[in-house]
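Number of protein chains: 4
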Amino acid sequence: MAFEFPIRVYWEDTDASGRVFHVNYLKFFERARTEWLRSLGIAQQNLREQTGGIFVVTSAQLEYLRQSRLDDQLIVTAKLQSAGRASLTIEQQALRINPEDPSQEPELICTGFIRIGWVNGTTMRPTRIPNHILEQFS
Amino acid sequence: MAFEFPIRVYWEDTDASGRVFHVNYLKFFERARTEWLRSLGIAQQNLREQTGGIFVVTSAQLEYLRQSRLDDQLIVTAKLQSAGRASLTIEQQALRINPEDPSQEPELICTGFIRIGWVNGTTMRPTRIPNHILEQFS
Amino acid sequence: MAFEFPIRVYWEDTDASGRVFHVNYLKFFERARTEWLRSLGIAQQNLREQTGGIFVVTSAQLEYLRQSRLDDQLIVTAKLQSAGRASLTIEQQALRINPEDPSQEPELICTGFIRIGWVNGTTMRPTRIPNHILEQFS
Amino acid sequence: MAFEFPIRVYWEDTDASGRVFHVNYLKFFERARTEWLRSLGIAQQNLREQTGGIFVVTSAQLEYLRQSRLDDQLIVTAKLQSAGRASLTIEQQALRINPEDPSQEPELICTGFIRIGWVNGTTMRPTRIPNHILEQFS
């Protein structure tokens, strides 16, 4: 089961093609990951103050399948794909709710595999993810 | 005489109306102010490391007069309007070069009056602008 | 009574000073205006398809009073200040909920007066706001 | 030989970690691709008006290797990796010039493989890239 987070498309998200600017799905994925972490009790600003560590994105793979537009209602998901000692890979999707019939299966717009590494927030060096964080994912 | 900085309009700057998203002129003004400060020998990252202070925007007044679009070439200006002990007011304009005839007078797209205050970068409290910075403007 | 819209601060909203980048309050105000219009039955994408008209921002006045940061929960308001034949002025505020005690009065972070004009979406010429839209505000 | 485009890091590009927000490298890559296309005589706004077609990003793979910060000067490259009938794959890099010694080899910050497809700007359906465009790449 993936975590689901609703995101509305605003003017700021669109470009002159009339669609959501491709870069912005990466923002949507970041918002959904943050809310997913928060739902597991992991608040990033607090974590940084307590442990000195932060998650940083180390790689991203995106596939753009369909379009979304102004006023669209999206569902953005996050799910742990794999966990290492110093990094996690998160599988994410942006799905579009059919505005004429919200009961229909949402349409898959964009998929992402995002790897995040745990680093010391000052030196930016990779570090082992603290156990109390890793335990939230099992 | 105002400082002039060229800015090209990219996909990221536009919205679904086909024009530059109104918010982004405030980004363009920030870029031009930064380059204007740099041209006066004021590098913000260095300043922060040396003095602990940073400039923050305390107010902004924007008038949107005309439109600009993808691929447009803009000139963004910055000029000191007034200087106080802890803040400066900068007058800025975004002008559009006529792509069919660049020798024509550029068209005024957006104007801004931006007040920036000098604050302690840790406490965010207003402080007197260091003299060696103020001297750059006279 | 102002319309209220909750906005969470994500990494994308912050800058290297550790605070919300000043430009992004203008995005937050746009989101809240859009939701306020939607709450009045005014969906901008539909309107454009039906009337050929769109709202564009013609001026903005912003005052930055305090700071907000990553993970902060904001309330962004929208309220009609005045209505003309071809433009509306909207008064907006961004307020920060105290994370330690959400029952406390939220702190005022940023205020804005945003004037939006109704224009033909193709020619971008100002036009009278259709009556059925104006009626939503009274 | 890759096309090279200089990009300066501004406040808008950074986040609360003090570094460039990971999403923004995808913007930098888009700017450099646009300038690369322009250098080959391909102006996207004109193309759209003439052919009705536009390039859209269909996939992106990003690797984040090192950090960049406010005021950094980057070189962003673009190079054709492979060309199909309806899509191109572009290899891109963001490199950081050493501010203390610009004569040193720039440091590799982020790499991307971006696939762009040629679509009908109205229907968004994939179409064969016009020959006069494909010829620019050989």
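Chain order of the listed sequences is G, U, E and S. The first sequence lines up with residues -2 to 135 when you count with my numbering. The second sequence lines up with residues -2 to 135 when you count with my numbering. The third sequence lines up with residues -2 to 135 when you count with my numbering. The fourth sequence lines up with residues -2 to 135 when you count with my numbering. Backbone N, C-alpha and C fix where the C-beta goes; we use that ideal spot for every residue, glycine too.
- Excluding five sequence positions before and after Ser79 of chain S, the CB atoms of its chain that fall closer than 7 Å to its own CB belong to Thr86, given in chain order.
- Within chain U, the residues Ser14 have their CB atoms less than 8 Å from the CB of Ile51 of chain E, given in chain order.
- Distance from the CA atom of Gln70 of chain G to the CA atom of Ala91 of chain G, rounded to whole angstroms, is 10 Å.
- Within chain S, the C-beta atoms nearer than 7 Å to that of Leu67 of chain U come from Gln41 and Gln42, in chain order.
- Interface annotation, Val20 of chain G: in contact with chain U, CB-CB separation under 9 Å.
- Under a criterion of Cβ atoms nearer than 8 Å, the residues of chain S adjacent to Glu9 of chain E are, in order, Asp12, Phe18 and Val20.
- Take Asn95 of chain S, set aside five residues on each side of it, and the residues of its chain with a beta-carbon closer than 6 Å to its own are Gln101, in chain order.
- Listed as beta-bridge partners of Asn117 of chain G by DSSP are G:Gly50.
- For the 9 Å CB-CB criterion, His129 of chain U and Val53 of chain E do not form a contact.
- At a beta-carbon threshold of 7 Å, the residues of chain E lying near Thr55 of chain U are Tyr61, ordered along the chain.
- Take the alpha-carbon of Tyr22 of chain S and the one of Ile106 of chain S: they are about 9 Å apart.
- Under the three-state reduction of DSSP, Ala57 of chain E is assigned to strand.
- Gln89 of chain G sits close to Lys76 of chain G, with the two beta carbons spaced by under 9 Å.
- Shortest Cα-Cα distance from Ile111 of chain U to any of U:Met(-2), U:Arg28 and U:Glu9 involves U:Arg28.
- For the pair Arg45 of chain U and Ile113 of chain U, the CB atoms are not nearer than the 9 Å cut-off.
- For the pair Tyr7 of chain S and Lys24 of chain U, the CB atoms are nearer than the 9 Å cut-off.
- Per DSSP, the beta-bridge partners of Val17 of chain S are S:Thr11.
- When the Cα atoms are used, Gln41 of chain G and Leu131 of chain S turn out to be separated by approximately 46 Å.
- Neighbours of Gly118 of chain G in chain S, taken as residues at a C-beta separation under 8 Å, are given in chain order as Ser14.
- Around the beta carbon of Ser56 of chain S, a 10 Å sphere encloses 16 or more other beta carbons of the protein chains shown; the residue is thus reported as buried.
- Under the three-state reduction of DSSP, Leu44 of chain S is assigned to helix.
- Rounded to the nearest angstrom, the gap between the Cα atoms of Ala13 of chain G and Arg5 of chain U is 15 Å.
- When the five nearest sequence neighbours on each side are left out, the beta carbons in the same chain lying within less than 8 Å of the beta carbon of Thr11 of chain G are those of Val17, Phe18, Arg66 and Leu67, in order along the chain.
- The C-beta of Thr119 of chain S has fewer than 16 other C-beta atoms within 10 Å across all chains shown, which makes the residue exposed.
- Rounded to the nearest whole angstrom, the C-alpha separation of Ile72 of chain G and Glu104 of chain S is 38 Å.
- Taking the Cα of Phe2 of chain E as reference, the smallest distance to any Cα among E:Phe26, E:Glu9 and E:Ile39 is reached at E:Phe26.
- The beta strand (DSSP E) runs of length 3 or more contained entirely in the segment 81 to 128 of chain G are, from start to end of the chain, 84 to 93 and 104 to 117.
- Residue pairing by DSSP places Gln70 of chain S opposite S:Arg5 in a beta bridge.
- The Cβ-Cβ distance between Leu59 of chain G and Thr108 of chain G falls below 9 Å.
- The beta carbon of Gly49 of chain G sits closer than 8 Å to those of Asn117, Gly118 and Thr119, all from its chain and outside the five residues before and after it, given in chain order.
- Short of 8 Å from the beta carbon of Arg125 of chain S, and not among the five residues preceding or following it, lie these beta carbons of its own chain, in chain order: Arg82, Ala83 and Trp115.
- Residue-level contact check: Lys76 of chain U does not touch chain S, since none of the beta carbons of chain S fall below 9 Å from its beta carbon.
- Interface residue (Cβ-Cβ distance to chain S less than 9 Å): Glu27 of chain G is classified as such.
- Burial state of Glu9 of chain U is buried, judged by a 10 Å Cβ sphere holding 16 or more other Cβ atoms.
- Sequence-distant Cβ neighbours of Ile51 of chain E in its own chain, meaning closer than 8 Å and more than five residues away, are Gln41, Leu44, Arg45, Trp115, Val116 and Gly118.
- Residue environment for Glu32 of chain G: buried (at least 16 other C-beta atoms within 10 angstroms of its C-beta).
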